[in-house]
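In what follows, a single structure is set out as structure tokens and then discussed.
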Amino acid sequence: MTQLEQTMEAGVVRQVPSSPHVPVVIGAGVVVLFAVYLSAAIGPRQMTLFAVGLAAGIVLYHAAFGFTSAWRIFIADGRGAGLRAQMLMLAATCLVFTPLLAAGELFGQSLRGQVAPVDTAVAIGAFMFGIGMQLGGGCASGTLYTVGGGNTRMLVTLLMFIVGSTIATAHTQWWNALPGFTAVTLQQLYGPATALVVNLLVFAAIAGLTVVVERRAHGSTSVPAQAQAARTGSERWLRGPWPLVAGALGLAAVNIATLVIAGRPWGVTSAFALWGAKVLEAIGVSVTSWPYWSAPAQAAALQRSVFADVTTVMDIGIMLGALVAAMLAGRFSPAWRASRRSLAAAIVGGLLLGYGARIAHGCNIGAYFSGIASGSLHGWLWLVAAFAGNVVGVRLRPLCDLPVERSSDRQGSC
17 MTQLEQTMEA GVVRQVPSSP HVPVVIGAGV VVLFAVYLSA AIGPRQMTLF
67 AVGLAAGIVL YHAAFGFTSA WRIFIADGRG AGLRAQMLML AATCLVFTPL
117 LAAGELFGQS LRGQVAPVDT AVAIGAFMFG IGMQLGGGCA SGTLYTVGGG
167 NTRMLVTLLM FIVGSTIATA HTQWWNALPG FTAVTLQQLY GPATALVVNL
217 LVFAAIAGLT VVVERRAHGS TSVPAQAQAA RTGSERWLRG PWPLVAGALG
267 LAAVNIATLV IAGRPWGVTS AFALWGAKVL EAIGVSVTSW PYWSAPAQAA
317 ALQRSVFADV TTVMDIGIML GALVAAMLAG RFSPAWRASR RSLAAAIVGG
367 LLLGYGARIA HGCNIGAYFS GIASGSLHGW LWLVAAFAGN VVGVRLRPLC
417 DLPVERSSDR QGSC
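Residue numbers for the sequence shown, in the working numbering: 17 to 430.
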């Protein structure tokens with residue numbers, strides 16, 4: 017293999033010819049030890065959810081499944097392969113979520129969807145999140161898997177993501193008092209069967225729209241770089257890149273597994289707020305008086321070990337899964353190369369991501385993916401507002417020394 021340098025969102029990851037066996041063994045050892053600890057200290061279910069997070073990290077990394085880059089490329093160049101993959105992901109998930117949520121339980125495990133109010137806070141928070149996606153260089157899941165994959169700039173985004181999430185928990189009472197409508201689902205309005213049909217029709221319409229836009233802009237639809245990969249067979253699945261379709265179906269499987277095992281859909285960012293609150297408590301700042309942390313579920317999470325939190329162990333799994341995937345592919349070689357403007361964008365973007373996600377009742381996973389898959393109307397409001405924020409964010413990227421690429425041919429773009 018020849019020396020190959022590959023830029024990832026203003027951070028640099030070098031693909032080197034050195035043998036990955038030693039770091040892979042170390043990484044796998046860390047994974048096994050943590051899984052054993054979770055099983056012994058918390059329980060087998062927590063270990064299983066950690067394994068689901070690992071799978072998510074591997075899928076995200078090898079399929080380069082970036083929500084942020086997919087939206088950016090469509091906004092900047094009219095290429096819609098990434099958006100079509102997201103519609104496939106949503107459709108596959110809805111096909112399983114809708115009957116499961118209608119039943120309300122599976123094998124004795126109660127099931128609930130990700131449902132939230134359709135209010136002003138969702139619109140504003142999602143818009144902020146959308147800008148943050150482009151300035152920070154990733155979404156919630158994208159930040160985690162690119163950090164695990166060795167993108168050093170994204171460490172700054174992640175740290176600021178945590179800070180923004182924590183700050184927002186001090187203000188949620190004010191945001192929740194803004195005008196809006198109560199939580200409602202398509203299932204409540206039309207029944208499960210009709211709700212499923214409506215969702216599938218909308219997904220098809222969005223996918224069709226991307227085809228129309230792309231053909232008008234370029235004369236034809238493009239073949240994603242993953243589909244043109246030279247590797248075949250087992251080598252491709254071990255070292256990547258994976259087809260976008262595999263990424264879409266893989267993430268659908270992750271969300272379905274999370275619902276079945278945890279009893280609720282996949283989420284990412286609530287853990288960031290918990291981590292920040294734990295740090296504040298450790299240094300003597302009491303957050304228990306904040307309304308967000310006085311709610312029963314959040315208060316209980318503060319009292320328990322952080323590893324008892326489902327979202328935390330899945331987030332750790334995503335980072336470790338991406339780490340092992342990068343090592344197996346020979347692409348883990350962190351290097352810091354970021355201009356001051358790029359660094360400033362990571363700081364501002366991370367704060368917007370964290371704050372926006374908390375007041376909007378979720379991120380691209382918890383609100384967009386899981387919310388829409390659950391039939392919640394707030395998920396659709398989140399999508400529209402976040403996309404508008406992405407339009408603004410894409411316009412700001414050149415001012416921050418960040419590229420606006422015209423294709424998705426960079427492995428690990430986000």
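Ideal Cβ positions, reconstructed from N, Cα and C, are used throughout, including at glycine.
For clarity, every value in this text was computed on a predicted model and none was experimentally measured.
Report back the beta-carbon spacing between residue i and residue j to the nearest angstrom; my notes put them in contact at under 8 angstroms.
| i | j | result |
| --- | --- | --- |
| residue 138 | residue 394 | 5 angstroms |
| residue 63 | residue 51 | 5 angstroms |
| residue 127 | residue 111 | Not a contact, Cβ separation roughly 15 angstroms. |
| residue 40 | residue 344 | 6 angstroms |
| residue 277 | residue 61 | 6 angstroms |
What do you get for residue i, buried or exposed, if any count of 16 or more other CB atoms within 10 angstroms of its CB means buried?
| i | result |
| --- | --- |
| residue 86 | buried |
| residue 210 | exposed |
| residue 205 | exposed |
| residue 311 | exposed |
| residue 37 | exposed |
| residue 191 | buried |
| residue 432 | Outside the displayed span of the chain (17 to 430) sits residue 432, for which this structure offers no information. |
| residue 25 | Residue placement at residue 25 is flagged as unreliable, the pLDDT there being 41, under the threshold of 50; the coordinate-derived value follows with that caveat. That one is buried. |
| residue 47 | buried |
| residue 133 | buried |
| residue 145 | buried |
| residue 107 | buried |
| residue 42 | exposed |
| residue 219 | buried |
| residue 81 | buried |
| residue 119 | exposed |
| residue 125 | exposed |
In the DSSP assignment, what residue or residues form a beta bridge with residue i?
| i | result |
| --- | --- |
| residue 181 | Answer by DSSP bridge pairing: none, since residue 181 is not bridged. |
| residue 434 | No answer is possible for residue 434: the residues shown for the chain start at 17 and end at 430. |
| residue 134 | 197 |
| residue 392 | 201 |
Check this for me: beta carbons of residue i and residue j, under 8 angstroms apart or not?
| i | j | result |
| --- | --- | --- |
| residue 179 | residue 367 | yes |
| residue 68 | residue 322 | no |
| residue 91 | residue 98 | no |
| residue 73 | residue 369 | no |
| residue 114 | residue 212 | yes |
| residue 328 | residue 290 | yes |
| residue 150 | residue 346 | no |
| residue 66 | residue 158 | no |
| residue 181 | residue 288 | yes |
| residue 96 | residue 227 | yes |
| residue 282 | residue 385 | yes |
| residue 75 | residue 267 | yes |
| residue 201 | residue 284 | no |
| residue 264 | residue 415 | no |
State the Cα-Cα distance for the pair residue i and residue j, rounded to the nearest angstrom.
| i | j | result |
| --- | --- | --- |
| residue 382 | residue 141 | 13 angstroms |
| residue 380 | residue 109 | 15 angstroms |
| residue 129 | residue 396 | 15 angstroms |
| residue 231 | residue 407 | 20 angstroms |
| residue 188 | residue 136 | 12 angstroms |
| residue 405 | residue 417 | 19 angstroms |
| residue 335 | residue 161 | 5 angstroms |
| residue 102 | residue 143 | 19 angstroms |
| residue 293 | residue 286 | 11 angstroms |
| residue 331 | residue 339 | 12 angstroms |
| residue 361 | residue 152 | 6 angstroms |
| residue 238 | residue 422 | 11 angstroms |
| residue 391 | residue 377 | 15 angstroms |
| residue 123 | residue 274 | 14 angstroms |
| residue 171 | residue 207 | 44 angstroms |
| residue 22 | residue 222 | Low local confidence applies: a pLDDT of 39 at residue 22 is under 50, so the model's placement there is unreliable, with the coordinate-based value given in what follows. In a straight line, the C-alpha of residue 22 is about 32 angstroms away from that of residue 222. |
| residue 371 | residue 184 | 5 angstroms |
| residue 45 | residue 325 | 22 angstroms |
| residue 341 | residue 195 | 45 angstroms |
| residue 229 | residue 398 | 22 angstroms |
| residue 233 | residue 155 | 26 angstroms |
| residue 186 | residue 303 | 8 angstroms |
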